[in-house]
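Asks: For reference, each letter of the sequence shown is one residue, going 3 to 74 in this note's numbering.
A virtual CB, placed ideally from N, CA and C, is assigned to each residue, including glycine.
The model shown is predicted, which means the values in this text are computed figures rather than measured ones.
Next up is a structure, given as structure tokens.
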Amino acid sequence: MAAYTFESASLKLVFETGMDEFGKPIFSSKTYQNVRPNVQPEQLFAVVQAIASLCQDPLNDMKRIVTETVNQ
Numbered sequence: 003m004a005a006y007t008f009e010s011a012s013l014k015l016v017f018e019t020g021m022d023e024f025g026k027p028i029f030s031s032k033t034y035q036n037v038r039p040n041v042q043p044e045q046l047f048a049v050v051q052a053i054a055s056l057c058q059d060p061l062n063d064m065k066r067i068v069t070e071t072v073n074q
């Protein structure tokens, strides 16, 4: 039977840093490694809000990225 094995999790925050000459937004991202695999969404959101409050650019997007291996 196949199963997943957790490898890593990270948090990617995307900030809008300005506009280009055509009026399209410019984005910048920051990735934080070593996110616990069992973190609750509410806990993760609270951390994101705390980090975003320290940044001068507005937060545009946030993603939790999980890497897993498929084992047989």
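Could you spell out where the alpha helix (DSSP H) holding residue 49 opens and where it closes?
Replies: 43-55
Asks: Distance, Cα to Cα, residue 41 vs residue 15?
Replies: 17 Å
Asks: Within 10 angstroms of its Cβ, does residue 52 collect 16 or more other Cβ (buried), or is it exposed?
Replies: exposed
Asks: Please identify the residue among 47, 71 and 70 whose C-alpha is closest to the C-alpha of residue 61.
Replies: Considering only alpha carbons, the answer is 47.
Asks: Report the residue from 35, 44, 56 and 50 whose alpha carbon sits nearest the alpha carbon of residue 68.
Replies: The shortest C-alpha separation from residue 68 is found at 35.
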